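As given, the protein sequences belong to chains A and B, one line each in that order.
Take 1 as the starting number for the first sequence in my numbering and just add one per residue.
Take 906 as the starting number for the second sequence in my numbering and just add one per residue.
Where is the CB? At the ideal position from N, CA and C, for every residue including glycine.
Please read these numbers as outputs of a predicted model, since none were measured by experiment.
Data first, discussion second: the structure below is written as structure tokens.
2 protein chains.
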Amino acid sequence: MTTTSQEPGVADLSEKLVYLFGDGTSDGDRDLRNLLGGKGAGLAEMSSLGIPVPPGFTITTEVCNAYYDLGRAYPEGLTAQVEQGLAYVEALVGTGFGDPDNPLLVSVRSGARVSMPGMMDTILNLGLNDETAEGLARRSGNARFAYDSYRRFVQMYGDVVLGVGKRDDTDADPYEELLEAKKRSNGVTDDTGLSADALRELVGEYKALIRERGQEFPDDPWDQLWGAVGAVFTSWENPRAVVYRDQYGYPASWGTAVNVQAMVFGNLGDDCATGVLFTRHPSTGRRQLFGEFLVNAQGEDVVAGTRTPQPILAVDRGDGPPSLQEAMPEVYEELTRACDRLEQHFRDMQDIEFTVQQGKLWILQTRGGKRAGQAMLKIAVDTVDEGLISEREAILRLDPEQLNELLHPVFEEGAERHVIARGLAASPGAAVGHVVFRPRDVVERAARGETVILVRDETSPEDIEGMVDAKGILTARGGMTSHAAVVARGMGKCCVTGCSTLEIDYAARQFVVLGPDGTTQTVREGDVISLDGTTGEVMLGALPLSEGQFPPEFDVVMKWVDAARRMKVRANADTPEDAVRAREFGAEGIGLCRTEHMFFGADRISAVRQMILAGDPHARRDALAKILPMQREDFMGILRAMAPFPVTIRLLDPPLHEFLPHEHGDMAEIAHALNVPVTEVERRVEALREQNPMLGHRGVRLGVTSPEIYEVQVRAVIEAACQLRSEGLEVAPEIMIPLVGMPEELRLLRERTIAVAEQVMSERGMRVDYTIGTMIELPRACMVADQIAEHADFFSFGTNDLTQTTFGLSRDDAGRFLPAYLDQHVIDRDPFVTLDRDGVGSLIQLGIERGRSTRPGLKIGICGEHGGDPSSVEFCEQNGFDYVSCSPFRVPIARLAAAQAALAD
Amino acid sequence: MTTTSQEPGVADLSEKLVYLFGDGTSDGDRDLRNLLGGKGAGLAEMSSLGIPVPPGFTITTEVCNAYYDLGRAYPEGLTAQVEQGLAYVEALVGTGFGDPDNPLLVSVRSGARVSMPGMMDTILNLGLNDETAEGLARRSGNARFAYDSYRRFVQMYGDVVLGVGKRDDTDADPYEELLEAKKRSNGVTDDTGLSADALRELVGEYKALIRERGQEFPDDPWDQLWGAVGAVFTSWENPRAVVYRDQYGYPASWGTAVNVQAMVFGNLGDDCATGVLFTRHPSTGRRQLFGEFLVNAQGEDVVAGTRTPQPILAVDRGDGPPSLQEAMPEVYEELTRACDRLEQHFRDMQDIEFTVQQGKLWILQTRGGKRAGQAMLKIAVDTVDEGLISEREAILRLDPEQLNELLHPVFEEGAERHVIARGLAASPGAAVGHVVFRPRDVVERAARGETVILVRDETSPEDIEGMVDAKGILTARGGMTSHAAVVARGMGKCCVTGCSTLEIDYAARQFVVLGPDGTTQTVREGDVISLDGTTGEVMLGALPLSEGQFPPEFDVVMKWVDAARRMKVRANADTPEDAVRAREFGAEGIGLCRTEHMFFGADRISAVRQMILAGDPHARRDALAKILPMQREDFMGILRAMAPFPVTIRLLDPPLHEFLPHEHGDMAEIAHALNVPVTEVERRVEALREQNPMLGHRGVRLGVTSPEIYEVQVRAVIEAACQLRSEGLEVAPEIMIPLVGMPEELRLLRERTIAVAEQVMSERGMRVDYTIGTMIELPRACMVADQIAEHADFFSFGTNDLTQTTFGLSRDDAGRFLPAYLDQHVIDRDPFVTLDRDGVGSLIQLGIERGRSTRPGLKIGICGEHGGDPSSVEFCEQNGFDYVSCSPFRVPIARLAAAQAALAD
């Protein structure tokens, strides 16, 4: 039974705070992902399925939110429920928490509703102190294991919970320094050379370090546990987790769960192992287990990438150490069965963590596996073919943004490759950039517009910002499931890992590669290299890039998608070339053709400037007469490229000032053409300057005050349409008046537009179909949409400007404070990227409702950049839009998003 | 029966297009003012009352709109109804339209629902041609009268209907030239010296002139009539009518009616007269007939101001010609009775036109009389005292804008007056300005910021724009009801008319005044004079001005007003001085205290600049520490001045860039204070520049990113409140966060504000009451008002910025196109003056509805400039605002407007 708590400041906290799992049963299941996090829900589900998972319990995400609401304190009732949970685990495992004779050790892990690999904190081996360590040594008969576990625990706890660790990037890790010193004093080079006694000493030294830094390591396992739980909750708001969430647009309110689970050990000897795997190949989607393991190791060793691990399958072995299939065939068989069971159950490719303790397999985690865009499509097609899921489910599971990856560049075929090293093809794609070693330098250089490749021994969660900004990532260590590989695949970014011939010298800012012939090659920071994430090759210099190709599965999937969607998808395109590309990507028309971009052409800007600066209507008409044939050509090109689909042509929108010269030479040229002194041109340029050009004399306001400009544009459109029509082409121009806020503006411009169109058609002795509509991009236009609709054949929501005016927020100036707003969570998403539903969306809904109240069949589209954003596309579907329009490259994304929205409806 | 017509393009045209009146009955009445116009409705009503009005009929305003809808053509059915109307008049008068033996002559006059004196066209004596003129001569036995009427008719018709007249301002009137030539050739100096034959010749010469100019005078009376009707409709859109409508905010859609009425003649001899009068004095409100008449004249002679007329009452005679009371005592008695009857019936002071034809009185028109602000109040109080109207009616009839006049400056008492001339005190008030003779020069000089007095022999409707821009008007001719006098009173503008000692030489741009001692004084264009519209005195030089005083009736009326209104009225005030003045005007609090205005003080701008340009929070806090005591003093002053009323203090709003220096010297000073190079200051100033500062880093955005600024301001407010509270004063500060668009902004700032306030109160060991609210000035704030209201004690609608963002219209830049929008009727009113109900108003309604859905008692106010605009105040009343806030000078206007809105509800 769940009822709301009366805890002050804690909204809607359920009574049940802790969910148990283990031994073939569980309190929760996969449907409780939002409450238990992905990991907790997966453990509960697996336990119910009879998969061997170490028993444990999950503290819910609600507790995390309560923890913050209460100013970092636990809600009432949690203590009792955690104690009950631990008693349950003790009973199942047959050990006692803090029992010196037979101690229970637990792991404490984070787990949000989506996977955020390595972003939050984890504590292993919790429960150890001087007494229980001694007990563990006795019980396991392996004192070295016990004290190694103990020293790892103290190190991890000190670092993560007590905050005693590296002070900054340049600081050495103090635990590692003590470890190295211990190795030196013991005359050994490897951790494994240290004896149990040496490790016990090290524990003492670690504790002394912690004490020196003003903290105290807690010996009581319960104190340890509560400290660790708090640390996990706290880590939800650590900077790297926040950056990661921002990158993916996850809100802070989701919170993280905490999973407390009995430890199992992959490091008790050579019959122990630990590993991670995907049930299908995460880069290609091929159906085969794909992963890595390490014998006699703890799980963190694999993910951290510090040892290059062994493959799962024999076929992936190459000339490396034996695969799991070869080394532990029985475990491999059991693992294969468990994977099948999990794939069948979850009906998706799984990402699984496992540990083998003394020959017994334990599954520690399962979750939907992250995959590259190409793998996403192949897995979708395969699982549909296998009957695992329906087409509808396949569509709904696709990540539209990942289609972008398919368009990522590849290296031109046949280009000569000067390969200097080979690593693992960890994340497909191609990248060219300047070598940079420090993540913060990546950020700086990228901000200056440089393309950069991040080169590291291995990456870790604190490198996340540099990884976001790099074009590609190259690491010397780590496997296919290392941090770098997993994160890069998640971002759809090219990555090569485990490139073991690289020797990086951070101090000298260079790396050296040992060639197979024994020669070495030195690459310095700033040198350009090329990375092939599909082959694992590293090349010197910049290889020529070409556009990515869609894999064959793309067409299969897009056929399902197009059958499923209701809305049309158009592209924003200003040139015939863009129009052609848009059609290739499946656009069904042009939703926004900006005529002003045509005005900037080198061959016409001078005429445009003369038109603007003309002193009288006569001179203006002279200049416009020069522009007319050029615009007609423009429109013929674009209408021809898109025929028979509609093309929405927006009449001149920006303030005239944008076209004006600022250089003296350009001004002199105009002065000469207009036959006036340069000072007069300067005066007119100055007179056109505006305080707030965004809210100034632009759009339809130009149309009202300078009718001749729009008249020439309309003439050019209709002349172009007539010409193509006489060539037998079907064309459908839609003339769009921008920035309308008053019904009378559109009435007037519609009247003038029709007058010009009628005149052209009568001159040509023929008729063409065309429509007249408006961009809805001002709040007032939404409020009086019923009156505007009287004069409009269509509405196209210009959500860029509508967002600016609704928020009172200039996009050009928002850079000064929008980042702070996102950091401080004043706003969750950049409203210029994802449509703000509460404000802008609410206005759009009003606009549609009122517009269609006057004209029920009113055609409605969107042409802001939101038209290619999946969440915004969903909004459009929910609100009865007829089409969305976006940049050509985002057309496939919009098609998929439109299908998902239609199916979700 | 009225049904809608099926006429294409004509919306909702009734079947009845023509309304008859005369002989004690009528089709219409005063309630049909919108349909029949003010004049038509008045004639109908008077006729029903038994007042002697010449019979006639009214063509409705709907026909005017249909006329424009049909592209200047008459709707079907009009001809027949006009013919029936004329037959009715013929029957009553006993004459025939076009009958050569006994011709009916008619006047054709415009008449909109409000009086627009002289703005539109009028034709008199219509029906005359060579035959009927001869017949009129026979019937009247006065050939000179008949041909004088004929030549006047041809002149008027040629000018008004056929457009044959002066080509421009500098052109001489061709009819006057022919008249002058005729007088010269006949050796006479006065019109009345011309014989019937001479006048008949003149008619021929006028017709020849018209023919020369490519037109033809129509001899057929019916052609004359239709031409005249069309001319009246056309005159609705003539430039001076449009300027006048814009001045008063009347929409084009009202249209004008046309009144066709049997002519009566005040010019048939010395037993004839024509005049105009007010039933009470239009400047003072005194209860007495006040007006003028001319013996043996047509009505236009009085209004045009070409002859200085005789008074109605003997007491007003002075040393002029006899009054009506003396000259025609019987007519005077009948007129007095008719005036009483009309005042009793219409229950308001009337403006009446009359004509005496051969001893018989005819009333040609009655309407509510325009009156000066002072008269408006006196008449209101008197008519309530007389039991004519109730207090409620009195309030509803007042024009709030006219209260402004009472605040118009007066000359300081006791100042020495160098009086150079005396005229009629035509419109009260005082004005000082440069003498200018041409209306177009007035417009130009006023645009440059000069204060100007327009000096003319007389004014005419085409001078209207110059009259609007002049501070005062002085004419050499014309009486109290001349064009200049009537228009000036309507505008509340100081005016002296009939100053007959002035001799104006337009060519030399000067006037000469003849003093009583025979000396002359020459005043040249550009010289400064002072005008006293209350005494009629003209003085050389600039007399010192002081504030106007409210008459005793003001307090009486405002007592009614305050009892009638529901909303509170506050003032926008930034200084203690403004606050004191606001209280004098009846403000009940401050609705907007802009803290940034305090920042510009010479003593503090340097500290403000240091604060803005500080390189780090430490330097910023140093600068803010200097600002804190100053702000505390500011707030103490203003809270003290307004105690115990509430004071809404808006935290810093404008972009910081506005405070920054642009001069090198100022930059150097800041650089010195901050101990950085000047180039660094220049760099920081430049870095703060924005593309669209209106939509930039300002308001709460500053509060979010630079918390220390608002913290210091809040501290200053609460410290000030504590200090005053400890002095025993009751204070009620309301802290207002500007530019909130996202609920989280307000939540955050509310939290920070409370933290500072609590700290200050704990430091002082006392508590003060304060509230926290926000300005609603962004469309998004209206859309998410339900969420914002969770954190707000009050909403204050900032309609200036809300208008800017809703329209996407920068007030600073709108000057480039808003005038064109008003001219072309794309928009009817300037939305920065009168709240746009359709767009901005509709958003406000949403904001209130949503805000109060969360917080039912939410206090709601307005603090944009609309808060002092009567139409906008009405909107606020209708939408449940708690208060309006406006500039101190507009507080009485807002009080009255609030009462009217409450009573109208």
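Outcome for residue i when other beta-carbon atoms lying within 10 angstroms are tallied against a minimum of 16
i, result
"residue 111 of chain A", "buried"
"residue 1411 of chain B", "exposed"
"residue 416 of chain A", "exposed"
"residue 1191 of chain B", "exposed"
"residue 1811 of chain B", "Missing from the structure shown is residue 1811 of chain B; chain B here goes from 906 to 1810 and no further."
"residue 1454 of chain B", "exposed"
Chain A within 8 Å of residue i, Cβ atoms only
i, result
"residue 1710 of chain B", "yes"
"residue 1683 of chain B", "yes"
"residue 1197 of chain B", "no"
"residue 970 of chain B", "no"
"residue 1466 of chain B", "no"
"residue 1561 of chain B", "no"
Counterpart residues of residue i in DSSP-defined beta bridges
i, result
"residue 453 of chain A", "A:435, A:472"
"residue 353 of chain A", "A:276, A:365"
"residue 265 of chain A", "Its beta-bridge partners do not exist; DSSP assigns none."
"residue 1477 of chain B", "B:1497"
"residue 1399 of chain B", "B:1377"
"residue 1436 of chain B", "B:1336, B:1443"
Same chain only: Cβ atoms within 8 Å of residue i, ignoring 5 sequence neighbours per side
i, result
"residue 670 of chain A", "606, 609, 610, 613, 661, 681"
"residue 722 of chain A", "760, 761, 764, 766, 768"
"residue 1255 of chain B", "1183, 1184, 1244, 1247, 1248, 1271, 1272, 1273, 1274"
Beta-carbon proximity list for residue i, same chain, < 6 Å, skipping 5 on both sides
i, result
"residue 26 of chain A", "44, 47, 48"
"residue 756 of chain A", "711, 714, 715"
Minimum Cβ-Cβ distance from residue i to chain B less than 8 Å
i, result
"residue 113 of chain A", "no"
"residue 908 of chain A", "Since the first residue shown for chain A is 1 and the last is 905, residue 908 of chain A is missing from the structure and cannot be characterised."
"residue 821 of chain A", "yes"
"residue 9 of chain A", "The predicted position of residue 9 of chain A is uncertain, since its pLDDT is 47 and thus under 50; a value taken from the coordinates is nonetheless stated next. False, the Cβ-Cβ gap to chain B never drops below 8 Å."
"residue 464 of chain A", "no"
"residue 512 of chain A", "no"
"residue 908 of chain A", "An answer regarding residue 908 of chain A cannot be provided, because it is not within the stretch 1 to 905 covered by chain A."
"residue 879 of chain A", "no"
"residue 705 of chain A", "yes"
"residue 826 of chain A", "yes"
Any non-hydrogen atom of the ligand COA closer than 7 Å to residue i Cβ
i, result
"residue 617 of chain A", "The ligand COA is absent from the structure shown, which contains no ligand whatsoever."
Flag this pair as touching only if the stretch 1708–1727 of chain B and the stretch 736–756 of chain A have three or more C-beta atom pairs under 8 Å; answer yes or no. Judged by Cβ distances under 8 Å, the stretch 1708–1727 of chain B makes contact with the stretch 736–756 of chain A, as three or more pairs qualify.
Inter-stretch contact (C-beta, 8 Å, three-pair minimum) for the stretch 631–643 of chain A and the stretch 715–733 of chain A: yes
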